[in-house]
Amino acid sequence: VSMLSLHDPLARDSSPDANAQKAVKLMAQTATIVSTFDRLRNGRPVIEGDPSLSFAANFLYTLTGKRPDEVMEHAFDVALTLHADHELNASTFAARVTAATLSDIYSSITSAIGALKGPLHGGANQDVIKILLDAGTPERAVAKVKEMLAQKKKIPGFGHRVYHTEDPRATHLRVLSEELGRRTGHTDMYLMSRMVEETIKQEKHLNANVDFYSASTYYSLGIPVDLFTPVFAISRMSGWTAHVLEQYHNNRLIRPRAEYKGNPDGMRWIRLADR
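Okay, structure coming up:
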């Protein structure tokens with residue numbers, strides 16, 4: 087993303103109109119970069135986007151080489167929308183902190199992507215699908231998560247720092263996962279997901295979050311597992327850029343204060359001459 091600024095004739099123009107244009111271009115460019123990267127690494131010809139297709143349909147088309155039907159297009163469009171923004175999560179906050187210094191929009195988005203790379207923020211849906219793929223059957227998937235619980239390991243795709251009931255995004259993605267599973271022959275992924283979800287509810291009283299059912303949804307759409315996090319970035323691009331534009335519009339430098347919480351008990355001051 088940072089390199090895209092080198093090809094932008096408006097790179098040094100920080101006016102609201104110019105930044106709005108950059109935001110729209112970033113959405114298109116990042117989606118194109120991800121789908122093109124996947125085709126090139128697999129030795130397949132690059133597919134040019136079709137202006138008559140929607141954003142969601144174009145990504146699936148340039149990624150897989152097949153024009154998605156209406157159900158798949160709608161499912162991916164909903165998934166993109168559900169991931170588009172979620173208040174001040176780590177990556178969005180990173181983008182706003184960078185924008186608050188009046189750095190350019192490319193640097194702000196680069197900061198956001200750097201935060202998203204962290205496994206505690208992005209990547210949980212990749213971990214979910216790996217568990218399901220390794221298990222292969224609902225029974226083995228349940229056994230796997232019970233084993234992880236016994237080992238005090240965190241189960242990806244459950245719990246949320248904000249929601250203490252079910253993540254409303256997960257509610258919609260569960261429906262998409264079931265529908266796409268039937269349509270694409272991946273009902274096994276949906277069934278495994280349902281059984282794992284019920285197990286975690288019974289054992290830990292935790293609800294599924296947005297990452298849990300996005301895993302089987304993306305898998306049924308034919309998106310490679312290692313592209314799940316880049317697809318998260320594609321969908322969140324609209325939210326990130328909106329936050330950056332908002333920060334520019336009414337800007338104040340973001341400077342949190344720090345309070346020292348060290349433990350002085352048992353510490354002894356040594357005179358400089360005796361050190």
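Residue numbering for the sequence shown is 87 to 361, as defined by our numbering. Cβ atoms here follow ideal geometry from the backbone N, Cα and C, with glycine treated the same way. Since we're looking at a predicted model, the values are computed, not measured.
DSSP places A104 in the helix class (H, G or I) of the three-state scheme. Here V183 has S197, I340 as same chain residues with Cβ atoms under 8 Å from its own Cβ, once five neighbours each way along the sequence are excluded. When only Cα atoms are considered, R361 and R354 end up about 12 Å apart.
Ranked by Cα distance from T167, the first of L188, T270, L259, S302 is L259.
Membership of V317 in the alpha helix (DSSP H) is indicated by the continuous run 314-335. For the options F244, P310, V311, the alpha carbon positioned closest to that of S279 is the one of F244.
If the five residues before and after T270 are omitted, its C-beta is found closer than 7 Å to the C-beta atoms of S306, all from its own chain and listed in chain order. The C-beta of Y147 has 16 or more other C-beta atoms within 10 Å across all chains shown, which makes the residue buried. Within the model, the alpha-carbon separation for L96 versus A221 is close to 50 Å. Membership of K290 in the alpha helix (DSSP H) is indicated by the continuous run 273-290. Residue burial is scored here from C-beta neighbours: D99 has fewer than 16 other C-beta atoms within 10 angstroms and is therefore classed as exposed. Linking Y249 to G129 through their CA atoms gives a straight-line distance of about 43 Å. About 7 Å separates the beta carbon of L331 from that of A106, a gap short enough to meet the 8 Å contact definition.
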